[in-house]
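Number of protein chains: 2
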Amino acid sequence: MSKGTETRDRILASALRVASVEGLEGITIGRLADAVGLSKSGLFAHFKSKEELQLAVLNAATEAFGEVVFKPALAAPRGEPRVRAFFEHWLEWEAHVSVPGGCIFMHLSVELDDQEGPARDALVMAQRWWLDQLARATRLAVSAGDFRPDVDAELFAFQMHGILSAYYHSKRLLRDPNANHRARKAFDALVVSVSAPR
Amino acid sequence: MSKGTETRDRILASALRVASVEGLEGITIGRLADAVGLSKSGLFAHFKSKEELQLAVLNAATEAFGEVVFKPALAAPRGEPRVRAFFEHWLEWEAHVSVPGGCIFMHLSVELDDQEGPARDALVMAQRWWLDQLARATRLAVSAGDFRPDVDAELFAFQMHGILSAYYHSKRLLRDPNANHRARKAFDALVVSVSAPR
DNA sequence: GCACAAATAGCACGAACGGTCGTATAATCG
DNA sequence: CGATTATACGACCGTTCGTGCTATTTGTGC
Chain F
20 MSKGTETRDR ILASALRVAS VEGLEGITIG RLADAVGLSK SGLFAHFKSK
70 EELQLAVLNA ATEAFGEVVF KPALAAPRGE PRVRAFFEHW LEWEAHVSVP
120 GGCIFMHLSV ELDDQEGPAR DALVMAQRWW LDQLARATRL AVSAGDFRPD
170 VDAELFAFQM HGILSAYYHS KRLLRDPNAN HRARKAFDAL VVSVSAPR
Chain C
20 MSKGTETRDR ILASALRVAS VEGLEGITIG RLADAVGLSK SGLFAHFKSK
70 EELQLAVLNA ATEAFGEVVF KPALAAPRGE PRVRAFFEHW LEWEAHVSVP
120 GGCIFMHLSV ELDDQEGPAR DALVMAQRWW LDQLARATRL AVSAGDFRPD
170 VDAELFAFQM HGILSAYYHS KRLLRDPNAN HRARKAFDAL VVSVSAPR
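If you read the sequences in order, they're chains F and C.
For the first sequence, the positions run 20 to 217 when the numbering used here is used.
For the second sequence, the positions run 20 to 217 when the numbering used here is used.
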């Protein structure tokens with residue numbers, strides 16, 4: 020890896036941390052340059068514009084999410100176990116070292132929902148992809164006989180996302196020590212409600 | 020009402036609209052002054068600092084929420100009907116004219132979760148209050164015989180909040196036309212899961 | 001209708017913002 | 001080795017930010 024790309028990665032990792040706490044608008048060239056020990060212009064040379072930097076951060080976030088949540092969960096056997104693995108790794112992601120401000124997608128989702136532009140487009144794609152993966156895993160659980168045949172996979176993904184949103188709110192904002200416990204109870208109830216009788 | 024407080028209200032209504040779209044940090048004195056037809060210093064005279072302005076916006080938001088969601092829903096008879104009324108009015112609030120950017124509390128929750136200060140404190144209080152009202156209504160539904168006696172009211176409030184968060188995400192970011200439909204299906208399923216047998 | 005208070009405007013400030021410039025240093029390769 | 005390119009620097013631009021201070025206009029009560 021050349022020196023340039025190495026520096027670029029350091030910049031992105033730092034920017035990702037900042038963005039998870041303060042959002043994409045919280046990234047400022049000056050502070051970011053200080054954080055990685057560069058001058059403003061030195062850092063700026065790696066990206067043609069701030070918009071490009073923001074897009075690169077979004078890519079880095081998607082990549083990290085894939086490594087921390089998606090790929091490990093894929094290791095679980097298809098069916099209910101994999102759905103549960105998705106849930107568990109998703110819970111952990113909120114506290115991952117790479118995003119000290121919590122799940123960056125939660126933050127960006129509300130930050131960008133009314134801000135037209137390429138960053139919003141990229142985020143929408145990433146979020147659709149993830150919800151689609153959840154629905155796909157749900158359908159696999161149906162065909163594996165774990166879930167009932169009439170289960171609405173998209174609705175299940177919607178509900179799962181809801182539980183994680185409430186968890187995020189409860190943990191991050193309210194700092195409720197029961198957040199984790201409640202999220203698990205809610206998820207268990209959801210799984211029970213779609214489980215095939217046996 | 021004196022001219023001063025009238026102007027102040029106009030400022031706050033405008034600031035509330037801005038904040039629902041871009042968050043508290045999206046409020047800038049200059050743009051806000053233009054929007055209400057005042058000079059920067061003329062507007063600034065109404066608030067001793069920007070922080071006080073932000074707190075006033077939060078108060079205005081809480082008040083609006085009370086008028087649009089809480090009070091009307093209280094008119095419904097206690098028990099499951101009132102819980103449903105809470106849900107319905109909460110759904111509508113997302114599209115209320117006073118908050119063109121959608122539920123401002125969703126926005127502020129992620130904006131402020133890592134920003135220590137009086138604004139965060141006020142938001143936490145307001146959110147706790149609301150979740151508490153939901154739990155209270157749930158308990159009333161239990162004692163009215165609509166919900167099963169073993170229902171966990173706080174968990175129910177958590178789940179309800181999750182559904183609305185997912186709805187918000189689905190509607191605002193993904194612009195999914197099924198958002199409303201999914202939210203209702205999820206809520207119905209939730210109510211069924213806690214309903215007393217009959 | 002006049003005096004006093006309330007409301008608003010004008011102006012200036014220091015800091016931080018994204019971004020550009022020419023230049024110097026460091027790494028890489030023939 | 002030397003030459004060339006990649007990388008980084010410091011100074012600076014125009015703008016916008018929040019926030020003072022000082023006039024001046026506007027509204028209100030006697």
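Here a beta-carbon is modelled for each residue, glycine too, at the ideal position from N, C-alpha and C.
In the displayed model, residue 66/C falls within coil according to three-state DSSP, outside both helix and strand.
Interface flag for residue 124/F against chain C is unset, since no Cβ pair is found closer than 7 Å. Excluding its 5 nearest sequence neighbours in each direction, residue 206/F has C-beta neighbours in its own chain below 6 Å: 106 and 182, listed in chain order. Sequence-distant Cβ neighbours of residue 136/F in its own chain, meaning closer than 7 Å and more than five residues away, do not exist here.
Under the three-state reduction of DSSP, residue 214/F is assigned to strand. Between the stretch 40-49 of chain F and the stretch 84-98 of chain F, the count of C-beta pairs closer than 8 Å stays below three; the two stretches do not touch. Judged by DSSP secondary structure, residue 190/F falls outside any alpha helix (DSSP H); it is assigned neither H nor E.
Per the Cβ contact rule, the stretch 100-115 of chain F is not in contact with the stretch 164-177 of chain C (fewer than 3 Cβ pairs under 8 Å).
If you check each beta-carbon in the stretch 177-188 of chain F against every beta-carbon of chain C, the ones closer than 7 Å belong to 177, 178, 180, 181, 182, 184, 185 and 188. Residue contact check for residue 217/F against chain C: no CB pair falls below 7 Å. Interface with chain F (7 Å Cβ-Cβ cutoff): residue 140/C is excluded.
Between the C-alpha atoms of residue 151/F and residue 194/C there is a straight-line separation of about 15 Å. Across the stretch 22-43 of chain C, CB contacts with chain F closer than 7 Å involve 40, in sequence order along the chain. Looking only at 146/C, 154/C and 62/C, the smallest Cα-Cα distance to residue 99/C is reached by 154/C. Nearest to residue 169/C by alpha-carbon distance, out of 216/C, 71/C and 110/C, is 216/C. Between the alpha carbons of residue 119/F and residue 139/C lies a gap of roughly 18 Å. Taking 7 Å as the threshold, the shortest C-beta distance from residue 159/C to chain F does not fall below it. A check of alpha carbon separations from residue 124/C across 158/C, 212/C and 149/C identifies 149/C as the nearest. When the beta-carbon positions are compared, residue 92/F and residue 80/F stay at least 7 Å from each other. For a Cβ distance threshold of 7 Å, residue set 40 and 120 of chain F lies close to residue 133/C, ordered along the chain. Taking C-beta separations shorter than 7 Å and ignoring five residues to either side along the sequence, the partners of residue 158/C in its chain run 172, following chain order. Its Cα nearest to that of residue 163/C, the residue 102/C stands out among 179/C, 102/C, 187/C and 133/C. Beyond the five residues adjoining it in sequence on each side, residue 57/C comes within less than 8 Å, by CB distance, of 26 and 30 in the same chain, given in chain order. Sorting 211/C, 78/C and 21/C by C-alpha distance to the C-alpha of residue 144/C places 78/C at the top. Flagged as an interface residue toward chain F: residue 204/C, by a C-beta distance shorter than 7 Å. DSSP places residue 108/C in the uninterrupted alpha helix (DSSP H) bounded by 99-112. Of 192/C, 179/C and 55/C, the smallest CA-CA separation from residue 204/C is found for 179/C. DSSP places residue 163/C in no alpha helix (DSSP H); its state is neither H nor E. Per DSSP, the unbroken alpha helix (DSSP H) holding residue 126/C starts and ends at 123-131.
The beta-carbon distance between residue 184/C and residue 188/F, rounded to whole angstroms, is 7 Å. This is short enough to meet the 8 Å contact definition. Cβ contact annotation for residue 132/F (same chain, cutoff 8 Å, sequence separation greater than five): 139, in chain order.
If you check the CB distance, residue 73/F and residue 43/F come in under 7 Å. DSSP places residue 47/F in the coil class of the three-state scheme, outside both helix and strand.
In this chain, the alpha helix (DSSP H) harbouring residue 92/F covers 90-93. The criterion of a C-beta distance shorter than 7 Å is not satisfied by residue 62/C and residue 54/C. Under the three-state reduction of DSSP output, residue 78/C falls in the helix class.
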